[in-house]
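S.K.: Numbering (this note's numbering), first residue to last: 5 to 250.
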Amino acid sequence: MVALDIPALLAGRDIRLAETPQLVLRRLDRGDFECLRHFRAEIVAAIGDPDILRLMPEEEAYVADSLNAKNLAMGLFKRDRLVAYNSLFWPETDDDLRNLYIYDEARPRAAPREIAYAGGLMVDPLARGAGLQKLLIEVRQVTTYHVRRRHHFSTVSFANHFSWRNILEMGGRVVAVYEFEDPRYGHTRRMLTHQAPTPKALAPKEIWLAPLDIEAQRDLLVSGHVGTKFRLGSSGAEIAYQREID
């Protein structure tokens with residue numbers, strides 16, 4: 005587990021981690037608004053696939069909210085240039101969960117003040133392969149555990165197997181199909197993942213599916229299964245579903 009001076013991070017001080025001594029980790033604040041807005045636009049343009057990554061319908065409001073002191077946004081900088089970031093939303097009430105559109109899926113698993121909801125983890129394409137996504141996932145886990153938000157939720161595209169593989173390998177499980185209407189792109193579906201402090205036991209039987217077979221995954225999720233593992237099969241990436249045991 006990454007060693008982290010959490011009070012220093014929360015206070016907005018520059019931190020150098022042993023894992024990435026060439027980079028600086030820092031909490032972002034309202035003074036980083038333009039930097040973050042431009043970074044997000046550049047990364048979305050570089051990906052070029054709205055099914056994997058897109059800007060929010062109310063992008064400026066989203067960026068401003070992520071930089072609000074009630075939430076936690078953190079960035080990795082290389083020579084003052086942002087190369088990776090992640091926003092964490094810290095709900096306080098059931099209405100906050102509803103505003104994040106995760107109430108029905110998240111509330112049965114945790115109370116609002118136990119939840120950290122991750123949005124918008126982005127890595128500069130030029131910095132990929134350096135493990136920055138996993139590093140930021142670990143930083144947010146360590147930080148939010150410290151402040152007693154021990155249930156981590158996030159959404160990820162079914163098509164983005166690099167990201168959901170990282171989440172699964174770090175203890176997350178796919179627990180629902182997250183759906184919303186985007187005014188620019190229409191109906192959109194994402195994996196909703198959850199990492200619990202004490203995960204339920206799993207039945208040994210594994211059912212492997214192609215990640216874009218969303219309806220088959222929905223049926224398994226409704227029947228008490230969760231997504232747990234990644235592998236590369238003969239036709240590409242596959243995800244395993246197992247039944248959670250109460």
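Idealized CB from N, CA, C, for every residue including glycine. Just so we're clear, the structure is a prediction, and the values are computed from it rather than from any experiment.
According to DSSP, simplified to helix, strand and coil, what is Ile-47?
M.R.: Counted from its first residue, the sequence shown places residue 47 at position 43. Ile-47: helix per DSSP, three-state reduction.
S.K.: State the CB to CB distance for the pair Leu-206 and Glu-248, rounded to an integer number of angstroms; the pair is presumed to be in contact (CB under 8 Å).
M.R.: Working through the sequence shown from its first residue, we reach residue 206 at position 202. Working through the sequence shown from its first residue, we reach residue 248 at position 244. Confirmed, Cβ separation roughly 6 Å.
S.K.: Ala-73: which of Trp-168, Pro-95, Thr-159 sits nearest, CA to CA?
M.R.: Stepping through the sequence shown from its first residue, residue 73 is reached at position 69. Residue Pro-95 is the option with its Cα nearest to Ala-73.
S.K.: As a quick exercise: from Val-178, Leu-213, Ala-50, Leu-216, pick the residue whose alpha carbon is nearest that of Arg-132.
M.R.: For the purposes of this step, residue 132 is taken as the residue at position 128 of the sequence shown. The shortest Cα separation from Arg-132 among Val-178, Leu-213, Ala-50, Leu-216 belongs to Ala-50.
S.K.: With distances taken Cα to Cα, identify the nearest neighbour of Tyr-89 among Val-146, Ile-211, Leu-76.
M.R.: Counting from 1 along the sequence shown, the entry for residue 89 is found at position 85. Answer by Cα proximity: Leu-76.
S.K.: Does the beta-carbon of Trp-168 have 16 or more other beta-carbons within 10 angstroms, so that it is buried, or is it exposed?
M.R.: Against the sequence shown, residue 168 aligns to sequence position 164. Classification for Trp-168: buried.
S.K.: Does Trp-212 come out as helix, strand or coil in the three-state DSSP assignment?
M.R.: As a working mapping, residue 212 is identified with position 208 in the sequence shown. Note: Trp-212 maps to strand in three-state DSSP.
S.K.: Where do the ends of the beta strand (DSSP E) carrying Lys-82 lie?
M.R.: Reading the sequence shown from its first residue, position 78 is the one you call residue 82. Note, Lys-82: beta strand (DSSP E), 76-82.
S.K.: What residue range is occupied by the uninterrupted alpha helix (DSSP H) comprising Phe-255?
M.R.: The question about residue 255 has no answer, for the chain in this structure spans 5 to 250.
S.K.: Compare the Cα-Cα distances from Gly-237 to each of Val-230, Arg-83, Pro-215, Gly-228 and report the closest residue.
M.R.: Taking the sequence shown and counting its residues from 1, the one referred to as residue 237 is at position 233. The option with the nearest alpha carbon to Gly-237 is Pro-215.
S.K.: What is the rounded straight-line gap between the Cα of Tyr-121 and the Cα of Leu-140?
M.R.: On the sequence shown, position 117 is the one that residue 121 refers to. On the sequence shown, position 136 is the one that residue 140 refers to. Using only the alpha carbons, I get a separation of about 14 Å.
S.K.: At 3 residues or longer, and completely inside the segment 92-159: list those beta strand (DSSP E) runs for me, N to C.
M.R.: 119-127
S.K.: How far does the alpha helix (DSSP H) with Ala-68 in it extend, from its first residue to its last?
M.R.: Position 64 of the sequence shown holds residue 68. It spans 63-70 - the alpha helix (DSSP H) in which Ala-68 sits, taken as one unbroken run.
S.K.: In whole angstroms, what is the alpha-carbon distance linking Leu-125 and Val-226?
M.R.: Here residue 125 corresponds to residue number 121 of the sequence shown, with the count starting at 1. Here residue 226 corresponds to residue number 222 of the sequence shown, with the count starting at 1. If I take the Cα positions, the gap works out to 27 Å.
S.K.: Measuring only the C-alpha atoms, how far is Arg-188 from Pro-25?
M.R.: Position 184 of the sequence shown, counted from the first residue, corresponds to residue 188. Position 21 of the sequence shown, counted from the first residue, corresponds to residue 25. Answer to the nearest angstrom: the Cα atoms are 40 Å apart.
S.K.: Should Thr-159 be labelled buried (16 or more other beta-carbon atoms within 10 Å of its own) or exposed?
M.R.: Here residue 159 refers to the residue found at position 155 when the sequence shown is read from its first residue. Buried, since its Cβ has 16 or more Cβ neighbours within 10 Å.
S.K.: Need the endpoints of the beta strand (DSSP E) that Phe-166 sits in, please.
M.R.: Within the sequence shown, residue 166 is the residue found at index 162, counting from 1. No beta strand (DSSP E) contains Phe-166, which is instead part of the alpha helix (DSSP H) from 165-173.
S.K.: Check whether the Cβ atoms of Thr-232 and Leu-136 lie closer than 8 Å to each other.
M.R.: Position 228 of the sequence shown, counted from the start, is the residue given in the question as residue 232. Position 132 of the sequence shown, counted from the start, is the residue given in the question as residue 136. If you check the CB distance, Thr-232 and Leu-136 do not come in under 8 Å.
S.K.: For the alpha helix (DSSP H) that contains Gln-26, what are its first and last residues?
M.R.: Position 22 of the sequence shown holds residue 26. Taken as a continuous stretch (DSSP letters only), Gln-26 belongs to no alpha helix (DSSP H), as it is neither H nor E.
S.K.: By the 10 Å Cβ neighbour count, where 16 or more other Cβ atoms means buried, how is Lys-15 classified, buried or exposed?
M.R.: If you number the sequence shown from 1, residue 15 lands on position 11. Note on residue identity: the sequence assigns Ala, not Lys, to residue 15. By the Cβ neighbour-count rule, Ala-15 is exposed, with fewer than 16 other Cβ atoms within 10 Å of its own.
S.K.: Sorted by chain position, which residues of the same chain lie with C-beta nearer than 8 Å to Pro-116's C-beta, five sequence neighbours on each side aside?
M.R.: The residue labelled residue 116 in the question sits at position 112 within the sequence shown. Around Pro-116: Pro-95, Glu-96, Thr-97, Asp-98, Asp-100, Leu-101.
S.K.: Below 8 Å between beta carbons: does that hold for Val-67 and Leu-40?
M.R.: By 1-based counting over the sequence shown, the position of residue 67 is 63. By 1-based counting over the sequence shown, the position of residue 40 is 36. Against a cut-off of 8 Å, the Cβ pair of Leu-40 and Val-67 comes out as a contact.
S.K.: When you compare only the Cα positions, how much space is there between Arg-31 and Met-60?
M.R.: Position 27 of the sequence shown, counted from the first residue, corresponds to residue 31. Position 56 of the sequence shown, counted from the first residue, corresponds to residue 60. About 21 Å.
S.K.: I believe Leu-21 touches Leu-29 by the beta-carbon criterion, under 8 Å. Please report the beta-carbon distance rounded to the nearest angstrom.
M.R.: The count along the sequence shown starts at 1 and reaches residue 21 at position 17. The count along the sequence shown starts at 1 and reaches residue 29 at position 25. 6 Å between Cβ atoms; contact.
S.K.: Less than 8 Å separating the beta-carbons of Gln-145 and His-155?
M.R.: Along the sequence shown, read from residue 1 onward, the residue named residue 145 stands at position 141. Along the sequence shown, read from residue 1 onward, the residue named residue 155 stands at position 151. Not a contact, by the Cβ cut-off of 8 Å.
S.K.: Just reading off the beta strand (DSSP E) that Arg-177 is part of, what are its end residues?
M.R.: Within the sequence shown, residue 177 is the residue found at index 173, counting from 1. Its beta strand (DSSP E) spans residues 177-186.
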